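Structure first, commentary second.
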Amino acid sequence: MSTTYGPDEIAALQEKAKRHLWLHFTRMSSYADADVPVIVRGEGAYVYDQRGKRYLDGLAGLFVSQIGHGRTEVAEAGARQASQLAYFPLWSYAHPQAVALADRLAALAPGDLNRVFFTTSGSEAVESAWKLAKQYFRTVGEPGRFKVLSRSIAYHGTSMGALAITGLPGIKEPFEPLPPGGVRVPNTNFYRAPEFVATDVTAFGVWAADEIERAILREGPESVAAIFLEPCQNSGGCFPPPPGYFQRVREICDRYGVLLVSDEVICAFGRLGHYFGAERYGYQPDIITFAKGVTSGYAPLGGMLVADRLMEPFAAGSSTFLHGVTFAGHPVSCAVAMANLDVFEKEDLLGNVRSHEGAFRATLEKLADLPIVGDVRGDGYFYGIELVKDKATRETFDDDESERLLRGFLSHALFDSGLVCRADDRGDPVIQLSPPLICTQEHFDEMEQILRHVLTEAWTRL
Ligand SMILES: Cc1ncc(COP(=O)(O)O)c(C=O)c1O
3 MSTTYGPDEI AALQEKAKRH LWLHFTRMSS YADADVPVIV RGEGAYVYDQ
53 RGKRYLDGLA GLFVSQIGHG RTEVAEAGAR QASQLAYFPL WSYAHPQAVA
103 LADRLAALAP GDLNRVFFTT SGSEAVESAW KLAKQYFRTV GEPGRFKVLS
153 RSIAYHGTSM GALAITGLPG IKEPFEPLPP GGVRVPNTNF YRAPEFVATD
203 VTAFGVWAAD EIERAILREG PESVAAIFLE PCQNSGGCFP PPPGYFQRVR
253 EICDRYGVLL VSDEVICAFG RLGHYFGAER YGYQPDIITF AKGVTSGYAP
303 LGGMLVADRL MEPFAAGSST FLHGVTFAGH PVSCAVAMAN LDVFEKEDLL
353 GNVRSHEGAF RATLEKLADL PIVGDVRGDG YFYGIELVKD KATRETFDDD
403 ESERLLRGFL SHALFDSGLV CRADDRGDPV IQLSPPLICT QEHFDEMEQI
453 LRHVLTEAWT RL
């Protein structure tokens with residue numbers, strides 16, 4: 003089948019999309035008088051729409067397509083598995099692909115994270131980690147521990163439990179009351195640090211970590227089960243941890259018996275130049291949650307990597323972790339994940355990120371000469387560009403300006419100019435970039451040029 007559509011096919015596709023398809027987190031009314039963007043094909047770092055127009059995939063779909071698009075060897079691994087055994091559950095049974103992948107992930111993960119519990123998505127992984135923390139503490143005689151800490155503006159998923167951990171009031175409010183026990187602590191946005199630590203990133207990190215200790219003490223340590231932290235926080239626009247932050251958090255968690263969950267749904271599988279973000283920043287989590295890049299999106303899969311000691315109470319007698327989902331660890335997804343990791347090894351994708359990340363940063367930092375660019379931050383192939391109204395005072399946009407700038411102009415203009423990225427104002431307005439790990443200087447230059455052109459235009463419209 004051709005991947006470029008004729009005018010009649012496009013009209014039919016648009017009509018059906020507008021009539022029947024419900025897009026996620028999307029203001030559907032914005033497509034009343036505009037085309038729904040339809041992507042039909044991908045190759046390498048590029049995707050193509052229904053008319054054959056090419057776009058640089060600067061967001062790896064949604065922080066997913068690590069190895070890039072159109073890898074037939076990965077697709078074929080999925081097809082072979084579907085022919086041999088399309089489905090069997092991980093409820094009481096195993097299949098060879100889940101065994102092989104669990105073994106491989108355990109070997110890649112830091113420390114004693116040797117037990118893999120598969121899910122189908124990141125939200126389910128987060129949900130599973132909270133449920134495991136709760137049931138674990140009940141099983142070992144600390145039933146009062148159920149609360150979970152997370153950082154302000156952090157996104158940890160949309161199912162009810164994961165949403166209770168998410169720190170974005172705007173997307174939680176319609177679903178209140180959520181499961182109780184979610185507690186917020188500050189994030190590590192140094193650009194917006196409180197004044198008394200605004201000039202010293204290490205002191206800022208000490209303060210932000212100590213706020214976690216203060217929250218644990220305020221809530222009562224005997225009631226706190228876990229803290230969920232991304233290695234580099236996505237929502238708000240890529241906040242890397244200050245130096246020493248995670249080491250201090252680890253100490254605090256150990257002091258109060260709180261589990262440290264590294265939510266690596268975005269940061270694992272090369273996004274930060276390592277298989278896991280915890281390795282990059284040198285800390286040992288009790289649980290790692292993952293999804294997205296584990297398959298590079300060739301099939302859906304998520305899961306959690308769990309420390310041996312958390313599994314121990316469930317390894318003897320009648321004790322059972324009372325949790326599972328039908329499609330978790332799907333054979334096709336596991337086969338695809340194995341083939342995906344083969345590509346990582348064969349092409350040294352971690353090495354590619356590590357050797358080019360400095361150039362990526364330097365290329366994006368060129369944009370700092372624009373009056374609208376306040377901050378460029380991130381690590382690896384994961385960057386946020388914070389937009390401001392006044393560079394000197396760091397004044398941000400009001401709701402109305404933000405609406406006009408991001409929704410009214412930037413999102414469409416960037417896409418129309420051939421760049422898939424994200425313009426987001428769930429915190430202060432940011433543009434986010436998270437390209438496939440195969441990208442090199444030519445792709446960085448293309449991103450910079452499109453951003454320069456569109457951000458310059460945005461400034462004149464304010
Ligand atoms: C850190 C983090 N946790 C959890 C999730 C939820 O993952 P999913 O959309 O696969 O449910 C996301 C999604 O972007 C995420 O970034």
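Take the position in the sequence shown, starting the count at 1, then add 2; the result is the number in our numbering.
Beta carbons: idealized from backbone N, C-alpha and C, even for Gly.
Because the structure is a prediction, the values reported are computed rather than measured.
Exposed or buried, what is residue i when buried is set at 16 or more other beta-carbons lying within 10 Å of its beta-carbon?
i	result
serine 2	Outside the displayed span of the chain (3 to 464) sits residue 2, for which this structure offers no information.
aspartate 427	buried
phenylalanine 198	exposed
proline 196	exposed
histidine 158	buried
histidine 97	buried
valine 142	exposed
proline 242	buried
histidine 22	exposed
leucine 107	buried
alanine 34	exposed
Between which residues of its own chain and residue i is the CB-CB distance below 8 angstroms, once the five residues before and five after are set aside?
i	result
valine 327	Thr121, Thr122 and Glu126
glutamate 213	Val187 and Pro188
phenylalanine 177	Met162 and Leu165
leucine 351	Gln68, Ile69, Gly272, Val345, Leu439 and Ile440
tyrosine 48	Arg56, Tyr57, Leu58, Asp59 and His71
proline 223	Tyr258, Gly259 and Val260
glutamine 443	His358, Ala361 and Thr365
Who does residue i pair with in a DSSP beta bridge?
i	result
isoleucine 229	Leu151 and Leu262
leucine 464	According to DSSP, which records beta bridges pairwise, leucine 464 is partnered with nothing at all.
isoleucine 433	Ile387 and Ala425
valine 375	Leu389
arginine 56	Tyr50
threonine 121	Gly304
phenylalanine 241	Gln235
leucine 324	Beta-bridge pairing links leucine 324 to no other residue.
glycine 169	BP columns for glycine 169 are empty, so no partner.
glycine 380	Tyr385
glutamate 397	Asp392
histidine 445	None; histidine 445 has no bridge partner.
histidine 276	DSSP lists no partner for histidine 276.
histidine 71	Gly46
leucine 115	Ala309
Specify, as a first and last residue, the run of the alpha helix (DSSP H) that residue i falls within.
i	result
phenylalanine 346	333 to 348
phenylalanine 362	351 to 367
threonine 291	Careful: threonine 291 lies outside any alpha helix (DSSP H), inside the beta strand (DSSP E) at 289 to 292.
isoleucine 218	203 to 221
arginine 194	Segment: none, arginine 194 is in no alpha helix (DSSP H) and carries neither H nor E.
leucine 416	413 to 418
glycine 279	279 to 283
arginine 106	98 to 110
histidine 22	9 to 22
leucine 64	62 to 65
Note the first and the last residue of the continuous beta strand (DSSP E) segment covering residue i.
i	result
alanine 309	304 to 309
threonine 1	This structure gives no information on residue 1, because the portion of the chain shown stretches from 3 to 464.
glycine 44	41 to 45
glycine 184	184 to 187
Going along the chain, which residues of its own chain have a beta-carbon closer than 6 angstroms to the beta-carbon of residue i, five neighbours each way excluded?
i	result
valine 203	Phe192 and Pro244
glycine 382	Arg273, Leu274, Gly275, Val355 and Glu359
methionine 306	Phe119, Ala127, Ser130, Ala131, Ile289 and Thr291
glycine 44	His71 and Gly72
isoleucine 12	Gln52
phenylalanine 316	Phe323
glutamate 403	none
glycine 65	Per the sequence shown, residue 65 should be read as phenylalanine rather than glycine. Within the same chain, phenylalanine 65 has close Cβ partners Ile268, Lys294 and Ser436.
lysine 391	Glu397 and Phe399
Identify, in the order they occur along the chain, each residue of the same chain with its Cβ nearer than 7 angstroms to the Cβ of residue i, setting aside the five sequence neighbours on each side.
i	result
glutamate 221	Lys149 and Val185
alanine 46	According to the sequence shown, residue 46 is glycine rather than alanine. Contacts found: Gly70, His71, Gly72 and Ile440.
glycine 172	Arg428
For residue i, would you say it is in contact with chain B, using Cβ-to-Cβ distances shorter than 8 angstroms as the test?
i	result
glycine 44	Annotation note: the requested chain B is absent from the structure, which comprises a single protein chain.
### Query
Is the segment 259 to 269 close to the segment 286 to 297, with three or more CB pairs under 8 angstroms?
yes
### Task
May I ask you to verify whether the segment 18 to 36 touches the segment 145 to 154, counting CB pairs closer than 8 angstroms and requiring at least 3?
no
### Message
For the segment 172 to 182 against the segment 109 to 119, do three or more pairs of beta-carbon atoms, one drawn from each stretch, fall closer than 8 angstroms, so that the two count as touching?
### Response
no
### Query
So does the segment 416 to 429 actually touch the segment 333 to 352, counting three or more Cβ pairs closer than 8 angstroms?
no
### Message
Would the segment 249 to 264 count as touching the segment 222 to 234 if we require 3 or more Cβ pairs under 8 angstroms?
### Response
yes
#### Entry: Meets three-Cβ-pair contact criterion under 8 angstroms: the segment 90 to 108 and the segment 131 to 146
no
### Message
Would the segment 430 to 438 count as touching the segment 54 to 61 if we require 3 or more Cβ pairs under 8 angstroms?
### Response
yes
#### Entry: Contact between the segment 294 to 301 and the segment 270 to 278 (3+ Cβ pairs under 8 angstroms)
yes
### Message
Contact between the segment 83 to 94 and the segment 276 to 287 is defined here as three or more beta-carbon pairs at a separation below 8 angstroms; is this criterion met?
### Response
no
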